[in-house]
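Below: one structure, written as structure tokens.
Protein chains: 2
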Amino acid sequence: MVEDIEKTESKKAAKKEAKKAEKAAKKAEHKAANVKENASTLDEADISVGKYGNLPLIRSDPSAPKRSFTYIKELNKSLANKVIWVRETVSKSMVKFSSNISKESIVDIEAQVAEVPSGVAGCTQTDVELVVSQIWVVSSSVPQLPLQIDDASRPEKPGDEDSLNIRVNQDTRLDNRVLDLRTPTSQAIFRLEAGVCKLFRDCLTKKGFVEIHTPKIIPAASEGGANVFTVSYFKGSAYLAQSPQLYKQMAIAADFEKVFTIGAVFRAEDSNTHRHLTEFTGLDLEMAFQYHYHEVMLLIGNLFTEIFKGLRDEYSNEISIIGQQYPAEPFTFLDPPLVLKYPEARVMLKDAGVEIGEEDDLSTPVEKLLGRLVKAKYDTDFYILDKYPLAVRPFYTMPDPQNPQSSNSYDMFMRGEEILSGAQRIHDPKFLTERAKHHAIDIEKIASYIDAFKYGCPPHAGGGIGLERVVMLYLGLDNVRKTSMFPRDPKRVTP
Amino acid sequence: MVEDIEKTESKKAAKKEAKKAEKAAKKAEHKAANVKENASTLDEADISVGKYGNLPLIRSDPSAPKRSFTYIKELNKSLANKVIWVRETVSKSMVKFSSNISKESIVDIEAQVAEVPSGVAGCTQTDVELVVSQIWVVSSSVPQLPLQIDDASRPEKPGDEDSLNIRVNQDTRLDNRVLDLRTPTSQAIFRLEAGVCKLFRDCLTKKGFVEIHTPKIIPAASEGGANVFTVSYFKGSAYLAQSPQLYKQMAIAADFEKVFTIGAVFRAEDSNTHRHLTEFTGLDLEMAFQYHYHEVMLLIGNLFTEIFKGLRDEYSNEISIIGQQYPAEPFTFLDPPLVLKYPEARVMLKDAGVEIGEEDDLSTPVEKLLGRLVKAKYDTDFYILDKYPLAVRPFYTMPDPQNPQSSNSYDMFMRGEEILSGAQRIHDPKFLTERAKHHAIDIEKIASYIDAFKYGCPPHAGGGIGLERVVMLYLGLDNVRKTSMFPRDPKRVTP
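Going down the list, the protein sequences come from chains X and A.
First residue of the first sequence? That's 1 in full-length UniProt numbering, and the numbers climb one at a time after it.
First residue of the second sequence? That's 1 in full-length UniProt numbering, and the numbers climb one at a time after it.
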């Protein structure tokens, strides 16, 4: 088990919250006692007997009632005066009996839909209300919640001093993820995330790509063994794949021509930042091309345009819900996307007072600055940066045929943060060996990688996308843990 | 690294093949020398200079030719007399120059399409042929192949004694997967496998399911710790998830209502059979229901019907290609699918002379027998077996409300082998604790699982499907390694 050194902090917060909840619970108890008293004085005259109570545990009994339920969101005036059933989480004030029902419990309600000409305040349904005739608890919650859904749903506006005190901190949210995921924002985030995967797949499938599944358990840590998790494998050991790249490339060498895969990717990096996870969802693709890797790079650029259009058009409701809690500038993009060359970026940075050497990589703050410069000049939150210095790319990257300092590689950015890294890969085993030696990599250890290209392989390029980062940056969120349903980092492997 | 104790055997086979290949190569060398001689005598008169040769390594040079390629499968008479470019693997006999090109190399060919009224034998294109005017090697293969694509593609018919000698064994295939995947059968298998995932997702998305991603790195081995891989996780350790079940259930408790996920699943089982893998692709779903788990069970049954229909209608070409190498009876199914109750199955087995106790599980051979009985009686290769004995199911399975020996659980079968296991899960934390204690499970170790249901949770059911098994059994193949692109078993973690 992994020790969470931040736990002490969060425990203190949790204790505070627990005390608050205790007080609230005592209040509720008092209230409930009153209700009981009232109820007992009415006992002889209880005309609602058999119309409320705790349902027995639903175990799929054949004698179970046959009811057809209506979703709250489906309510409207056309249902006025009709009797319907809904299954919904109740609020304390819903009906008298419900003062005994703890928040977040699941209840079934029979009710008549009533028009409310004056409008209902503070509810998702404003023009009708329910006149409850039956209420049954299906599954009750413990009375003390570690966090209130209302608090977890509160808008976070920068500089809003008051709201600071009632914010639910990240660890409390993640420790109680089942509750935190019930907020309208969480519901919208993960529906939109599913949308990104769907758009990615649908777009590539239309272009003739084949979906593949690559192994996560691999025999050797290919790039020197840094940042790789070790797995006990029967009497030996193995590793967790840091990327599906070798396998995507093998699929290309095996004549599949265009492939994609969506799956878990593992990085044993001890980075505790807003954008690093030790396990994330990779959207990967690889494609054979005819003569120039730009055939692939531009296809990927176009893929992003399709995804952004799809999100804008099909997920506007989700985007608006999330924006109410976490306000952000709408995401902007160009069609076709902007392609900048590395030397051009260096000039833009120099003009802004930051000098980068010809063979230097961009640091994270410099990437962010470049994102702001690009946004100011071209009004786009997405762009492609092409032709990285050869020195800062992995050994399997194809060097530029004309400029020995440059390479056939690219990164793609959203709101100034990298979300894809890709390149033409070396498909010739001799040249690959030569480049690996240049990087002082033990050839023995990567023999099976090199061997994959021995039997003929078309030139190819590809890239890998971090799903959680794409969703975080598209929505302008501040932490990748908001877009990973059950995030993993060096300090967290629970729940 | 994992030792492959079967390697000695396959090494012998490989050596034999290598010797054969050596002979062939010497022959080719001799031939090539002749060609060179011929070429030198023709040197002054070589009218083809600049029309053949080795292309320089394609590194995305801006001066690269601009050509538009035609796929071999797109060739037809309408192209007759037109000059086109194709990129294709060549056969030894294609043109004179190609006798120097090793098999499986990638070449670009300029050619004129010519009608062949008499038909071309032994090729995929029978009514046109190419009159080659230019040929360029893009990427050359080493001359000695560890297996011949022709051998790897040879039909396997039961009882066919002759074909036994030229079969390529499974380990040779997997050791050289890049070549083995080039056979028409492999190409078709993995295209069909991609189809299963697509049909699964499209069908569930239409029904309102949300796709989620669940962590593979988990903090505790929930069911007692058997068959779980351990991962070194920074200064501690963690485990690889045997199923996404806990996380699917948490998503249900978190109000997502209907979820599915496709991802890697790990089993540290030391089983070396035709149907066990240590890593496979799980197609998982979980769904809240109103009153009866049959709402979910029948939805899953219907999902399979949709998948089978989709494969039959959209992948008939792939099915036919695979059937040529591995003949099998076409897969049969009923719409709606057959649902058998466990007691009915016991009666069918008893009538066939096999007695199974009321609380006994079915062994693999008995499952297969039952499959044959069902097929004979109902003519279906797919069916649902409902209401398993409680004693043979995991602790979280909901017991039957009327019969304490029975449970609300089901398996689904294809050609007599289990491909899905599912059930209503206990959604009440107290009852779940009671059942775990009954199974002598350490409550402390599963506390976070039980806690997921503390804050109210709708009744729900679901199931997990093994992708590779579904494809294997749909096609009537004999080994799950044929349907896993890079299979992992206790003896294999490569390539």
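The beta carbon of each residue, even a glycine, is placed where N, CA and C say it ideally should be.
Please report the distance separating the alpha-carbon of residue i from that of residue j.
i                      : j         : result
A/Glu-355              : A/Gln-424 : 27 Å
X/Ala-226              : X/Leu-240 : 12 Å
A/Phe-200              : X/Leu-390 : 42 Å
A/Ser-316              : X/Pro-215 : 28 Å
A/Tyr-293              : A/Pro-343 : 19 Å
residue 506 of chain A : A/Lys-198 : Since the first and last residues shown for chain A are 1 and 495, residue 506 of chain A lies out of range.
A/Ala-111              : A/Trp-85  : 6 Å
A/Gly-474              : A/Lys-454 : The question names Gly, but residue 474 of chain A is Tyr in the sequence shown. Whole-angstrom Cα-Cα distance: 41 Å.
A/Phe-234              : A/Asp-442 : 26 Å
X/Asp-61               : A/Val-296 : 14 Å
X/Gly-282              : X/Asp-411 : 15 Å
X/Ser-407              : X/Glu-269 : 26 Å
A/Asp-489              : A/Gly-476 : 21 Å
A/Asp-175              : X/Asp-151 : 56 Å
A/Phe-382              : A/Pro-330 : 12 Å
A/Ser-448              : X/Pro-495 : 7 Å
A/Ala-251              : X/Glu-468 : 17 Å
A/Ile-135              : A/Thr-185 : 28 Å
X/Arg-182              : A/Pro-244 : 20 Å
A/Lys-430              : A/Gly-456 : 12 Å
X/Val-480              : X/Leu-179 : 19 Å
X/Glu-74               : X/Phe-308 : 29 Å
X/Ile-300              : X/Asp-255 : 20 Å
X/Val-347              : X/Leu-420 : 23 Å
X/Leu-349              : X/Ile-384 : 16 Å
X/Gly-195              : X/Gly-464 : 18 Å
X/Val-265              : X/Ala-221 : 14 Å
A/Phe-69               : X/Thr-273 : 47 Å
Within its chain, find whatever has a CB closer than 6 Å to the CB of residue i; leave out the 5 residues flanking it on each side and keep chain order.
i         : result
X/Val-392 : Asp-361
A/Tyr-247 : Thr-214
A/Glu-409 : The sequence shown places Ser at residue 409 of chain A, rather than the Glu named in the question. Only Tyr-388, Arg-393, Thr-397 and Ala-423 meet the Cβ criterion.
X/Leu-285 : Phe-260 and Gly-462
A/Lys-258 : Gly-208, Phe-209 and Met-287
A/Arg-67  : Trp-85
X/Leu-130 : Ala-111
Spatial neighbours of residue i within its chain, please: CB distance less than 8 Å, with the 5 preceding and 5 following residues excluded, ordered by chain position.
i         : result
A/Ala-80  : Val-113, Ala-114, Glu-115 and Val-128
X/Ala-352 : Leu-369 and Leu-373
X/Phe-367 : The displayed chain sequence assigns Glu, not Phe, to residue 367 of chain X. Taken in chain order, the residues that qualify are Phe-413, Gly-416, Glu-417 and Glu-418.
X/Pro-404 : Leu-390
Who are the near neighbours of residue i in its chain, counting only those whose CB is closer than 7 Å to its CB and skipping five residues on each side?
i         : result
X/Arg-267 : Asn-227, Gln-242 and Thr-278
X/Lys-341 : Asp-386 and Lys-387
A/Val-231 : Ile-217, Ser-237, Ala-238, Tyr-239 and Leu-240
X/Lys-77  : Glu-115, Asp-127 and Val-128
### Message
By the 9 Å beta-carbon criterion, what residues does the region 313-324 of chain A contribute toward chain X?
### Response
Cβ contacts with chain X come from no residue of the region 313-324 of chain A.
### Task
Compile a chain-ordered list of the residues in the region 431-463 of chain X whose CB is closer than 7 Å to at least one CB of chain A.
Phe-431, Ser-448, Ala-452, Lys-454, Tyr-455, Gly-456, Cys-457, Pro-458 and Pro-459
### Message
Any C-beta of chain A within less than 8 Å: which residues of the region 386-410 of chain X qualify?
### Response
Answer set for the region 386-410 of chain X: Met-398, Pro-399, Asp-400, Pro-401, Gln-402 and Asn-408.
### Task
Quick one: which residues of the region 51-82 of chain X get their C-beta closer than 8 Å to a C-beta of chain A? List them in chain order.
Leu-57, Ile-58, Arg-59, Ser-60, Asp-61, Pro-62, Ala-64, Pro-65, Lys-66, Arg-67 and Phe-69
### Uninterrupted beta strand (DSSP E) stretches inside the region 210-278 of chain A (no shorter than 3 residues)
The region 210-278 of chain A is shown to contain whole beta strand (DSSP E) runs of 3 or more residues at 230-233, 236-240 and 258-266, in chain order.
### Query
Do the region 115-125 of chain X and the region 138-146 of chain X meet, that is, are 3 or more Cβ pairs less than 8 Å apart?
The region 115-125 of chain X vs the region 138-146 of chain X: no contact.
### Task
Mind listing, in chain order, the continuous beta strand (DSSP E) runs of no fewer than 3 residues lying wholly within the region 293-379 of chain A?
338-341
### Touching by the beta-carbon criterion (3+ pairs, under 8 Å), the region 50-60 of chain A and the region 269-283 of chain X
no
### Message
So if I threshold CB-CB distances at 7 Å, which residues from the region 322-344 of chain A count as touching chain X?
### Response
none
### Message
Can you pull out the residues from the region 261-278 of chain A whose beta carbon lies closer than 9 Å to at least one beta carbon of chain X?
### Response
Ile-262, Gly-263, Ala-264, Phe-266, Ala-268, Asp-270 and Thr-278
### Task
Could you run through the region 179-190 of chain A and flag, in chain order, every residue whose CB is less than 9 Å away from some CB of chain X?
So the list reads Leu-179, Asp-180, Leu-181, Arg-182, Ser-186, Gln-187 and Phe-190, given in the order they occur along the chain.
#### Entry: Inside the region 81-160 of chain X only - alpha helix (DSSP H) runs reaching at least 4 residues
Listed in chain order, the complete alpha helix (DSSP H) runs (minimum 4 residues) inside the region 81-160 of chain X are 149-152.
### Query
Whole beta strand (DSSP E) runs in the region 375-423 of chain X with 3 or more residues, listed along the chain?
Qualifying beta strand (DSSP E) stretches, in chain order: 382-386 and 409-414.
#### Entry: Residues in the region 139-153 of chain X having any Cβ partner in chain A nearer than 7 Å
Within the region 139-153 of chain X, the residues whose Cβ lies closer than 7 Å to some Cβ of chain A are Ser-139, Ser-140, Ser-141, Val-142 and Leu-145, listed in chain order.
### Query
Using a Cβ cut-off of 7 Å, which residues of the region 482-494 of chain X contact any Cβ in chain A, in chain order?
Near chain A, meaning a CB-to-CB distance below 7 Å, the residues of the region 482-494 of chain X are Met-485, Phe-486, Arg-488, Pro-490, Val-493 and Thr-494.
### Task
With 9 Å as the limit, tell me which residues of the region 409-429 of chain X have their beta carbon closer than that to any beta carbon of chain A; keep them in chain order.
Cβ contacts with chain A come from Gln-424, Ile-426, His-427, Asp-428 and Pro-429.
#### Entry: Interface positions of the region 96-127 of chain A facing chain X (Cβ-Cβ less than 7 Å), listed along the chain
Glu-104, Ser-105 and Ile-106
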